[in-house]
Structures are given as structure tokens and as C-alpha cells.
Amino acid sequence: MRAWLLDQYADPRRALRLAECPAPRLSEDELRIDIRASSINPIDYKMARGELRSVQKLRFPVCLGFDLAGVVLECGPAVSGFAVGDRVLARSDRQRLGAFAEQVCIPAAWVARLPEALPFAEAASLPLVGLTTLQGLSQRAAARRGESILIQAGTGGVGSFALQYAKAIGLHVTTTCSSRNQALARELGADEVICYDRQDYRATTQRFDLVYDLLGGEHTLASFDLLKAGGAVVSIAGPPDRQFAEQAGLRWWLKLLMPLVAGKVWKRAERSGYRYFRFLTEPNGEQLKEIISLVEQGRIKPQIDSRFRFEQLPQAMAEAMKGHARGKLVVERCAE
Numbered sequence: 001m002r003a004w005l006l007d008q009y010a011d012p013r014r015a016l017r018l019a020e021c022p023a024p025r026l027s028e029d030e031l032r033i034d035i036r037a038s039s040i041n042p043i044d045y046k047m048a049r050g051e052l053r054s055v056q057k058l059r060f061p062v063c064l065g066f067d068l069a070g071v072v073l074e075c076g077p078a079v080s081g082f083a084v085g086d087r088v089l090a091r092s093d094r095q096r097l098g099a100f101a102e103q104v105c106i107p108a109a110w111v112a113r114l115p116e117a118l119p120f121a122e123a124a125s126l127p128l129v130g131l132t133t134l135q136g137l138s139q140r141a142a143a144r145r146g147e148s149i150l151i152q153a154g155t156g157g158v159g160s161f162a163l164q165y166a167k168a169i170g171l172h173v174t175t176t177c178s179s180r181n182q183a184l185a186r187e188l189g190a191d192e193v194i195c196y197d198r199q200d201y202r203a204t205t206q207r208f209d210l211v212y213d214l215l216g217g218e219h220t221l222a223s224f225d226l227l228k229a230g231g232a233v234v235s236i237a238g239p240p241d242r243q244f245a246e247q248a249g250l251r252w253w254l255k256l257l258m259p260l261v262a263g264k265v266w267k268r269a270e271r272s273g274y275r276y277f278r279f280l281t282e283p284n285g286e287q288l289k290e291i292i293s294l295v296e297q298g299r300i301k302p303q304i305d306s307r308f309r310f311e312q313l314p315q316a317m318a319e320a321m322k323g324h325a326r327g328k329l330v331v332e333r334c335a336e
């Protein structure tokens, strides 16, 4: 089979190479999937450049990629509920990766079946952004119907899903985006839109039950200034929360460094009675079923900015690294 490989920490726009590789071995609890489409997430190029090596040290050569959709080629002997020929989607984990290839073997517990009406490209755009948002807003922050949320960058890859998901679970949604994307934000369901090229969202007098921090840096601390009493910041780009080190299985010396990295955010949250969540997204087939159900109901529409052929992965990475996509960038092996 063919796979895109990385031989060392480097810029993926130049360092990725397409190579022939042995097909992965199938374990008894796994499915072998013929990958028809995958999608790019910022974590892909951050891992390639070595920015996350303290959390996950790569073993080279490595095939990157988390999100995939395709067709089941083979079922392990301990697998039930799936059959050869099933259309499926999945999110790999940080040890396994492997979505930028023609095949992958992945635990059946991480996989969900696709309805015939959902194209592979649209399905492949969903797993990481969907699971991150569901696990952050519903599972950890316990968002409740009627609460208010500020979603930063609401027309990007994560934001465009999060905006629709927040509306689907009954939240009042305010989002930030550029003026040119204001109409899209409204189309996705935003109740209120703050155009960052006209107004600094940090100057708003509104206060929210939740802030979904998709920007990190100075924006993480600024998010606490916008919370109601007892509110929560859920971040995908800020420093780790107190449970992160255990979840990531970090070495003892890295655990000791956590307060130096994240102490300012922890203190800001705890002194004010706020909650803060920055976690590792986990693969979960049952939660993918929930996401697919929302798509089938028409409550979430996958947002694709651009499509690339499998052979164009480096170009797709280059486009992703610009950071201006409206929705997700998808890589297709077999266009439907």
C-alpha cells in the first residue's frame, strides 16, 4: 500500500514523501479499512514540526493523520457489529495515527458506520473536531440547554462544527469571525456575531456561561474575563489543565513542569471560581454515532473549505498552515 511518511521532525510541506509500505497487521479487535478520505487538523503539522514531542514523541518513519472515512476490508475475529463492505468513519489516536495512507487497522471501538447518503469526504471532516467539541462542551463542561457560549473563530475547522453543535444542544451562541465570514457564521446558526476586524471581542460587555477558546495564547486568559460566575473555559489551544498530565501519561519530570507552563491559567480559574478544561481528545465510536445522528437530522452540516487528491497532501498541508480555511481541508483517495 502507499502511505505518506515523515522521516524526521520537519516542515511537512517539504518533508513528506509518498512511499510503498507493507499493509498493517490486523489485531483481533480491529478493522482493516480502505481509506477513501481523510482530513487535516492543526495537530497534524504541529506533530510533524515537533511542537508536541513532550506529549507524544514520534517514531520515524511515521504516517500521520487522525481523521478517516472508508470501507471495511477485513474484520478481526473478536469484532462484532461490523462486516466487510461497511462504510465507516473513525478517529485514530496519537500512538497509532496513520490516516494519510491507503489502509489502516484500527480498533472497532473507535469506528462508526456511515449512512449511504453521507459522502466519505464530508464524513472525514467530522471525527476530531466533533469528538473534541462533544467531549469538551458536553462531557467535561456539562453544558446545559439555555446557557450562553462564546465560540472564537466560529467559521474555521473546529469552530464551524462547534457553532452548529452548540446550537443543536440548545445553547445561545455568540461567535467571532472576520467580516467576510459573518454571513457564514449566521448561516451556521450564530445568534450573535462579533467581527474581529471591526471590534475586539474582549471589549464586549456580554458575559457567558462558557467560552470555547480555539485561539490560545493571550486569548486563553482573556476568556476568563468574559465569564459569568461559575463559568467555564474549554480550550483546544491553551496550556494543559490539571488532569492533562495523567491523561497523556507524561513522565514525572514533565508533570513537575506543568505548574510552570499552566500555573497562571490555573490560578486565574481557581481564584475566581471558574472551571478550565484543556484535554486530549479520545477516540470513541459511540460518540461518533451521536455526531452522525446530528448530521442525519440536518442539525449539523459538514463544512469543507477545499478538497485535495491523495497525491496532493503536501499542498493540502501548506494550505492548512495558512490558517484561513472556512471549514475543513479534505484529502480524497477516491472521489465519489
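Residue numbers for the sequence shown follow UniProt numbering, beginning at 1 and rising by one. Glycine included, C-beta positions come from ideal geometry on N, C-alpha and C.
May I ask which residues mark the beginning and end of the alpha helix (DSSP H) holding residue i?
i	result
G217	Neither: G217 is in no alpha helix (DSSP H) and is coded neither H nor E.
R242	Looking at the DSSP string, R242 is not in any alpha helix (DSSP H), and its letter there is neither H nor E.
E122	120 to 124
E192	Note, E192: premise wrong, no alpha helix (DSSP H); beta strand (DSSP E) at 192 to 195.
R14	12 to 15
P127	127 to 133
So the beta strand (DSSP E) residue i belongs to, where does it begin and stop?
i	result
T174	172 to 177
V104	103 to 107
K328	328 to 332
L5	2 to 5
R87	87 to 91
A112	111 to 113
Using 8 angstroms for Cβ pairs, my map puts residue i next to residue j. What's the rounded Cβ distance?
i	j	result
F224	V233	6 angstroms
P115	E296	6 angstroms
G76	D34	The pair is not a contact, with the Cβ atoms about 16 angstroms apart (cut-off 8 angstroms).
G238	F208	Not quite, the Cβ-Cβ distance comes to about 16 angstroms (not below 8 angstroms), so this is no contact.
G70	V88	7 angstroms
R278	A168	The pair is not a contact, with the Cβ atoms about 23 angstroms apart (cut-off 8 angstroms).
R91	D67	6 angstroms
I236	V158	6 angstroms
Y274	L226	With a Cβ gap of about 11 angstroms, Y274 and L226 do not count as contacting.
T175	A190	5 angstroms
By Cβ distance, which residues of its chain are closer than 8 angstroms to residue i, with the 5 residues on each side in sequence left out?
i	result
A245	L254, K255, M258
Q103	M1, A23, P24, R32, I33, D34, I35, L73
R326	T155, G156, S160, N181, L184, Q303, D305
Q312	V331
Q8	A15, F60
What did DSSP end up calling residue i once you bin it into helix, strand or coil?
i	result
Y276	strand
Q139	helix
G159	helix
G323	coil
I43	helix
L150	strand
V234	strand
L226	coil
R145	coil
V265	helix
L97	coil
E187	helix
E270	helix
Short of 6 angstroms in beta carbon distance, which residues of its chain neighbour residue i, apart from the five on each side in sequence? Order them along the chain.
i	result
R94	Q56
L288	A112
C334	R36
E122	P302
Using a Cβ-Cβ cutoff of less than 7 angstroms, which residues in the same chain neighbour residue i once the five nearest sequence positions on both sides are dropped?
i	result
V265	T220, L221, G238, P239, Y276
Within the region 20 to 68, note down every full beta strand (DSSP E) run reaching 3 residues or more, in order along the chain. 30 to 40
Note down, one range per segment and in chain order, each beta strand (DSSP E) of at least 3 residues found wholly within the region 279 to 317. 304 to 309
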